[in-house]
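*Asks:* If you count the sequence shown from 1, position 239 lands on 228 in the numbering used here, and the numbers rise without skipping. One structure follows; several queries about it will come next.
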Amino acid sequence: MRQLKLLFLLLFGMPFLGFAQTFDSKQVGVELDNDLYASLKNDRYYTNGITLFYAYLNQKQSSTLLKKTTEFRLGQYIYTPRTRLANAIKDNDRPFAGYLFGEVNQTFFMANHAVYQGTVQIGFVGPNSYAEEMQNGLHDAFSLRHVQGWQNQIKNTFALQTQFRFSQKLFPKVTTPNFDVHFQGQATLGTVQTGLNSGFFARIGLKNLQPIAHSNFYSGGVLGTSKTEELYFFIHPSLQYQAYDATVQGGFFGTQSPVELDLIRWRWHTAVGIKYRYNHFNCQYTFFYRSKEVNHPVNIPYYYGAIGLTYSFR
């Protein structure tokens, strides 16, 4: 009789035990950026972005490496001047430009609360990004007027970008269930952008703030338990040194663009938002502020909003 009970547990109990301990190892999602998500009146500079991504967990782990993820992204960014009627060169206080890219990145979540991320992007800046066609299509869909002046956009430039990002929790031995602060530094090198960025981000938990390795801040929800709820606000101020930006200055190679402007090297960035995760689903909203980026008498600081939706699965 005892043997029959043991056999019953093995046959019917193990599946339920496995179900109770399931983990998500893959993730798909979309990120949508638009200045209309922050204001119904402002439509300028970084005007629209869309990114689709897929991430999965790598099996390699150790006593110092909690987990490693690989992510693939396909995205498009669109930039325009502040006015919709920019046929004249003098009305372009920021060049028209588009950036279409594919990306692969790997993120390493360490046991000491550090995060390392390396990224490579390949794509195009210029007409080959299809930014004009995308913007016109969006405006047609919502019965909006077309923006005039795309003939002045940055010429085609091949994009090869690399980026390295590092973050470290401050006071890692201090346990605070509803609050933490992290330093973050970033270096970017490539034919589209080259620069440095450094700052801090703080998370204020409203419900079940997760350690950074298991939080959705860096898509760390991959290999999180499938039954998790997390809700927190965050703020992320940073200082950027921008050495080069092809969407403003034109490409390294090829024909000079009709509008090429000088950068303001030092810029201030701030991101404030809220992120929520319930089981397999993640959603977020972020408000971005960017200080003046172009040395032009009419150019001003700007802001935009971002919405993100992801789904995690086994």
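From the three backbone atoms N, C-alpha and C, an ideal C-beta is built for every residue, glycine too.
#1: Tell me, please, whether the region 121 to 137 touches the region 149 to 161 by the rule of three or more beta-carbon pairs shorter than 8 Å.
#2: Let me know the secondary structure DSSP gives aspartate 251 once reduced to three states.
#3: What do you reckon, are the CB atoms on arginine 83 and valine 283 nearer than 9 Å?
#4: Could you compute how far the alpha carbon of leucine 228 sits from the alpha carbon of glycine 188?
#5: Taking one C-beta from the region 53 to 68 and one from the region 95 to 111 each time, how about it: are there three or more such pairs within less than 8 Å?
#6: Give me, in chain order, the residues of the same chain whose beta-carbon lies closer than 6 Å to that of tyrosine 76; leave out the 5 immediate sequence neighbours on both sides.
#7: Go through the region 116 to 161 residue by residue and report every complete run of the beta strand (DSSP E) that reaches 3 residues or more, in order.
#8: With 16 as the cutoff for other CB atoms within 10 Å, does arginine 266 come out buried or exposed?
#9: Count the other C-beta atoms from every protein chain shown that fall within 10 angstroms of the C-beta of phenylalanine 42, then say buried if there are 16 or more, exposed otherwise.
#10: Pop quiz: asparagine 81 and asparagine 167 are said to be a contact at Cβ under 8 Å. What is the actual Cβ separation, rounded to whole angstroms?
#11: Let's test the definition: count the other Cβ atoms within 10 Å of the Cβ of aspartate 251 and tell me whether it reaches 16, buried, or not, exposed.
#12: Starting from the Cα of alanine 120, find the closest Cα among Thr236, Gln245, Gly87 and Thr36 and give me that residue.
#13: Measuring alpha carbon to alpha carbon, tell me which residue in His128, Gly239, Phe241 and Ala191 is nearest glycine 73.
#14: Can the beta-carbon of threonine 180 be found less than 9 Å from the beta-carbon of phenylalanine 241?
#15: State the Cα-Cα distance for the pair alanine 235 and leucine 298, rounded to the nearest angstrom.
#16: Pick out the complete beta strand (DSSP E) segments inside the region 15 to 93, 3 residues or longer, and give them in chain order.
#17: With DSSP as the reference, label threonine 236 as helix, strand or coil.
#18: Can you give the Cα-Cα distance for glycine 174 and valine 104, rounded to whole angstroms?
#19: Look at the alpha carbon of glutamate 218 and the alpha carbon of lysine 30, and state the distance between them as a whole number of angstroms.
#20: Using the Cβ count rule (16 or more neighbours within 10 Å means buried), how would you classify isoleucine 193?
#21: Looking at tyrosine 233 and glutamine 199, is the spacing between their C-beta atoms short of 9 Å?
#22: Is DSSP giving serine 246 helix, strand or coil here?
#23: State the DSSP-derived secondary structure class of glutamine 199, mapped to helix, strand or coil.
#24: So, using beta-carbon positions, are phenylalanine 223 and phenylalanine 190 closer together than 9 Å?
#25: Helix, strand or coil for histidine 269, going by three-state DSSP, please let me know.
#26: Near glutamine 50, which residues of its chain fall below 8 Å by C-beta distance, leaving aside the five closest residues on each side in sequence?
#27: Would you call the CB atoms of tyrosine 274 and glutamine 16 closer than 9 Å?
*Replies:* Result, derived from the coordinates:
#1: no
#2: coil
#3: yes
#4: 6 Å
#5: By the Cβ rule, the region 53 to 68 counts as touching the region 95 to 111, because three or more pairs are nearer than 8 Å.
#6: Looking at the sequence itself, residue 76 is asparagine, so the reference to tyrosine does not match. Answer for asparagine 76: Gln137 and Gly138, listed in chain order.
#7: If we require 3 residues or more, the beta strand (DSSP E) runs fully inside the region 116 to 161 come out as 146 to 158.
#8: buried
#9: buried
#10: Not really, about 47 Å apart at Cβ, beyond 8 Å.
#11: exposed
#12: Gly87
#13: The sequence as given places arginine at residue 73; glycine does not occur at that position. Taking only the C-alpha atoms, the option nearest arginine 73 is His128.
#14: yes
#15: Cα to Cα, the separation comes out at about 29 Å.
#16: 15 to 23, 34 to 47 and 54 to 69
#17: helix
#18: About 11 Å.
#19: Whole-angstrom Cα-Cα distance: 35 Å.
#20: With fewer than 16 other beta carbons inside 10 angstroms of its own, isoleucine 193 counts as exposed.
#21: no
#22: coil
#23: coil
#24: yes
#25: coil
#26: If we look at glutamine 50 and ignore the five residues flanking it on each side, its Cβ neighbours are Lys56 and Lys57.
#27: Not closer than 9 Å, so no.
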